[in-house]
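Visitor: Below is a structure I'd like to ask you about.
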């Protein structure tokens, strides 16, 4: 099983981001933002980020197939424990072959390189990085959250998460 890291760029400088990645020996950064750009923080636009990370010896890969901001795709979502519609939409997307394929790509990268996946939110539980992390942990992988150069925080599966028929579903104690 793989070990993956996760980080959010937030309002850091590019130097702070690189220092945090280096502190944890990250070799590959996978950008899982749906829109890999930032008007307020141009250092995190795809092209700028790719150049800066390359100069620092860190490989950059944009993987928009794992990006957030998903539209509603199921009339009746099985994820009844998720009250936030955006999280529920993303959890529904996690049940698709497209998501499974993108996760296979991410895991293949992690087999050959110390890999972190990144989005914009610094705090992982405020964005879809939490759901991606849940999926990985539920499938036997280890996820470690990077905040800065401090020690990492191991990801714990959300209490409402259940594996039902081999799929991660947020049901909690509610009946099926």
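Residue numbers (my numbering): 156 to 331.
Just so it is clear, CB atoms sit at the ideal spot from N, CA and C, and this is done for glycine as well.
#1: Measuring alpha carbon to alpha carbon, tell me which residue in 294, 169, 174 and 182 is nearest residue 271.
#2: Strictly by DSSP, which residues pair up with residue 323?
#3: Measuring CB to CB, does residue 157 end up less than 8 Å from residue 296?
#4: Between the C-alpha atoms of residue 162 and residue 207, what's the straight-line distance to the nearest angstrom?
#5: Going by DSSP, name the residue or residues bridged to residue 214.
#6: Looking only at its chain, what residues have a beta carbon closer than 7 Å to the beta carbon of residue 234, apart from the 5 residues adjacent to it on each side?
#7: Can you grab the Cα-Cα spacing for the pair residue 331 / residue 228, in whole Å?
#8: Would residue 257 and residue 223 qualify as a contact pair, given that the criterion is a beta-carbon distance under 8 Å?
#9: Near residue 214, which residues of its chain fall below 6 Å by C-beta distance, leaving aside the five closest residues on each side in sequence?
#10: To the nearest angstrom, how far is it from the Cα of residue 286 to the Cα of residue 298?
#11: Do you know how far the Cα of residue 261 is from the Cα of residue 267?
#12: Based on the DSSP output, what are the partners of residue 299 in its beta bridges?
Guide: Taking the definition as stated:
#1: Each of 294, 169, 174 and 182 was checked against the Cα of residue 271, and the nearest Cα belongs to 182.
#2: Partner(s): 318.
#3: A contact, by the Cβ cut-off of 8 Å.
#4: So the alpha carbons of these two residues sit roughly 16 Å apart.
#5: According to DSSP, which records beta bridges pairwise, residue 214 is partnered with 183.
#6: Around residue 234: 243, 246, 247, 324 and 325.
#7: Unreliable placement is indicated for residue 331, whose pLDDT of 41 sits below 50; the coordinate value is still reported in the next sentence. A straight line joining the alpha-carbon of residue 331 with that of residue 228 spans about 20 Å.
#8: In this structure, residue 223 does not lie closer than 8 Å to residue 257 by Cβ.
#9: Excluding positions up to five away in sequence, the list reads 183.
#10: Each residue's Cα considered, the two are about 12 Å apart.
#11: Near 10 Å, if we compare the C-alpha coordinates of residue 261 and residue 267.
#12: Partner(s): 160 and 309.
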